[in-house]
Amino acid sequence: MGAGNVSGRGAAAGYAICFENVSLAFEGKPVLREITFAVPEGETLVLLGESGAGKTVLLKLALGLLRPDAGRISILGREITGLAEEELFEIRKKIGMVFQEGALFDSLSVAENVAYRLQEEGVPAEELVARVRQALCFVEMEGAMVKLPAELSGGMRRRVAIARALISKPPILFYDSPTAGLDPVTSETILSLVLRLRDLEGATSVLVTQRLQDGFAVANYYFDREANRLRRATGPTNGAGGRHDTRTIFMMLRDGEIFFEGAPEEMARRGDPYLEQFLR
Amino acid sequence: MGALSLLSEILKRRVLAVQNYTLLSARSVRNLAGHPRYLYDTMAQMDIIGVGSLPIVILTGFFIGAVLVLQTAAQFMAFGEAALTGDIVALSLVREIGPVITALLVAGRNASGIASELGSMVVTEQVDAMRAMGTDPTRKLVTPRVVATTSMLPLLTIVADFVGLVGGFIVAFFEIHLSPVQFWTRAVGALEFKDLVQGLAKPFLFGFIVSSVGCYYGLTTRGGTQGVGRSTTEAVVTSSVLVLVSDFFVTKFLLWALEM
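Structure representation (structure tokens):
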């Protein structure tokens, strides 16, 4: 992964997400400039940056909700830049997205929200009910099936949004600031769900956040399937030593450009004054 | 920025808006041909737009018919032709006032409702969420509303026309002492096939305008709750103006076509 590794038309092969020289401007004002990176399948990208750095825009570009002014974007080896809206729907079905505020359909109940994607795909009612219950159990929200989103707290809404994103078991998951505005305990619950999804389903994940501690939590913890709990990935980062490889890379955006890209510990080592502000 | 470039920018935005509106309208119609079809959503919208608008259409239709008689009866009585009141109420209601007033009422009630509902969905990222889950919002949100409004408005217009005639009759009966036979014979006899065609063709077009304009403003909402309010106002104003402007051209066309 990295800017230097991605070039040429065949570069997207083997990557879940691939951006090549992507630029976007809103009303003449650049939002993203010459963004090039790639995320191999199964890896986690923690996307950092202050407000307005272009993090959410980058996710929306990857989903095809926005179109770049220049450059190429590929998802699971297929270039999406030139696809028509109808063709993009097939690509989007392979991506689960957790929006910043949840973006739950406010006129539908929790269960209907979670079932939405399966209903669209025409899944039989019996299977649909079982899968909805399973997804809500995963996020520990099975008791709120008949509630409306307005009756839920911020943290509960994010958990339902995660259940909605994971219901179709997509190979890619995007989280747009899933812990923003939440208390530390609820944030921890949300992050543990992100880790469980990553380590149980092996999904490629992109976590957008302003909080560096969220990034380090994703990089330094993993879900132990056998022990059925989160464990700290300690020890040297050689994969063969005592450390569990969480396959997590940090990327920081600043003013629409990639300011830093690399391993979490490298970020701490660099000693850049701008990065220090996030590390403090 | 100079005045000329500012003007050019404004014009470009207007042209772009017309282009986007045209594309959205075309897609809403084209969606009828493919799958998935959201029948349940369409029925729900028919209930909201059709059944929901019924009380206001009945109330308004009644009083419009009544006031028409009040305004015209005195003139006809001056010429000793009070019986013609039935003719004028029937013709003006069925050909013009019924379709236009019903469309304006539905524009006020439903174009605003559609724009605010879709606008709220846009600003809370629900439309993006829908797209992200592989659903086409024009299929799921626009086409059901366009189909529901376009099919319900002619029915509401028929109700408005009938209730208007009843209102006109009641006033004619009590105010100018016109007998029921006199009023209804003249009212029904005055109407020809081409009047009914005119009166029933217009609501289809008006229904399409009201719903598509509401959807367009809703889906292009920007700027949070304030933006939702702005979209709602613009949807009502634009759809009302378009109903009145298109009414002139459609009437002109129908008069020409029916004469042929």
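Going down the list, the sequences are from chains A and B.
Going by the numbering used here, 111 is the number at position 111 of the first sequence; the sequence numbering is gapless.
Heads up, the numbering used here is the position in the second sequence plus 1000, with the first residue counted as 1.
Heads up, the beta-carbon is just placed ideally off N, CA and C, and yes, glycines get one too.
What does residue i pair with, by DSSP beta-bridge criteria?
i	result
A/Asp176	A/Val208
B/Tyr1021	For B/Tyr1021, which the question treats as bridged, DSSP gives no partner whatsoever.
B/Lys1194	Paired residues: none, contrary to the question.
A/Lys29	A/Phe26
A/Arg159	According to DSSP, which records beta bridges pairwise, A/Arg159 is partnered with nothing at all.
A/Tyr15	A/Pro40
A/Tyr116	Paired residue(s): none; A/Tyr116 is not in a bridge.
A/Val46	A/Leu207 and A/Phe250
A/Glu257	A/Arg254
Give a yes or no on whether 9 Å exceeds the smallest Cβ distance from residue i to chain A.
i	result
B/Arg1186	no
B/Met1121	yes
B/Arg1109	no
B/Met1152	no
B/Thr1266	Residue numbering for chain B in the displayed model covers 1001 to 1260; residue 1266 of chain B lies beyond these limits and cannot be assessed.
B/Asp1041	no
B/Pro1036	yes
B/Arg1222	no
B/Thr1022	no
Could you tell me whether the Cβ atoms of residue i and residue j are closer together than 9 Å?
i	j	result
B/Leu1104	B/Leu1191	no
B/Arg1139	B/Pro1036	yes
A/Ala203	A/Leu197	yes
B/Ala1148	B/Gly1050	yes
A/Val46	A/Leu230	no
A/Val218	A/Leu182	no
A/Val146	A/Ser187	no
A/Arg72	A/Cys18	yes
B/Ser1212	B/Val1123	no
B/Val1106	B/Phe1248	no
B/Gly1065	B/Val1089	yes
B/Leu1141	B/Thr1221	no
A/Thr209	A/Thr179	yes
A/Lys93	B/Gly1134	yes
B/Thr1238	B/Ser1112	no
A/Ala53	A/Val22	no
A/Glu101	A/Arg164	no
B/Gly1224	B/Ala1235	no
A/Asp224	A/Leu191	no
B/Met1121	B/Ser1053	no
Check whether the Cβ of residue i lies closer than 9 Å to any Cβ atom in chain B.
i	result
A/Tyr116	yes
A/Gly239	For A/Gly239, the predicted structure reports a pLDDT of 47, less than 50, and the residue's modelled location is therefore unreliable. The matter cannot be settled from this model.
A/Met97	yes
A/Asp255	no
A/Pro236	Bear in mind that the predicted position of A/Pro236 carries a pLDDT of just 48, short of 50, making it unreliable; the figure below should be weighed with that in mind. Not closer than 9 Å to any Cβ of chain B, the Cβ of A/Pro236 fails to qualify, so no.
A/Asp106	yes
A/Leu210	The amino acid occupying residue 210 of chain A in the given sequence is Gln; Leu does not appear at that position. So no, A/Gln210 is outside the interface.
A/Ala3	At A/Ala3, the pLDDT of 41 sits below 50, so the modelled position is not reliable; the number obtained from the coordinates is stated separately. Judged by the 9 Å Cβ criterion, A/Ala3 is not in contact with chain B.
A/Arg92	yes
A/Phe19	no
A/Ala103	yes
A/Glu265	no
In this structure, does DSSP put residue i in helix, strand or coil?
i	result
B/Asn1031	coil
A/Gly96	strand
B/Lys1012	helix
A/Gly71	strand
A/Gly239	For A/Gly239, the pLDDT reaches just 47, beneath the cut-off of 50, and the residue's location in the model is therefore unreliable, although a value from the coordinates is still provided. Coil.
A/Met145	coil
B/Tyr1038	coil
B/Leu1068	helix
B/Met1046	helix
A/Leu83	coil
A/Phe89	helix
A/Leu230	strand
B/Glu1259	helix
B/Phe1183	helix
A/Arg78	strand
A/Ala263	coil
B/Asp1087	helix
Just to check my reading of the structure: residue i and residue j have Cβ atoms closer than 8 Å, yes? What is that Cβ distance to the nearest angstrom?
i	j	result
A/Arg33	A/Glu261	That belief does not hold up - the Cβ atoms of A/Arg33 and A/Glu261 are roughly 15 Å apart, past 8 Å.
A/Ala16	A/Leu65	Contact doesn't hold; Cβ gap of about 18 Å is too wide.
A/Asp106	A/Pro149	5 Å
A/Ala103	A/Ala161	7 Å
B/Lys1202	B/Val1250	6 Å
B/Leu1258	B/Lys1194	4 Å
A/Val31	A/Val57	5 Å
B/Ile1058	B/Val1159	6 Å
B/Arg1186	B/Ala1083	6 Å
What do you reckon, is the C-beta of residue i under 8 Å from a heavy atom of the ligand SAH?
i	result
A/Ala111	As far as ligands go, the structure on display features none, and thus does not contain the ligand SAH.
Any Cβ of chain E within less than 9 Å of the Cβ of residue i?
i	result
B/Met1046	The chain labelled as chain E is not found among the protein chains of the depicted structure, namely A and B.
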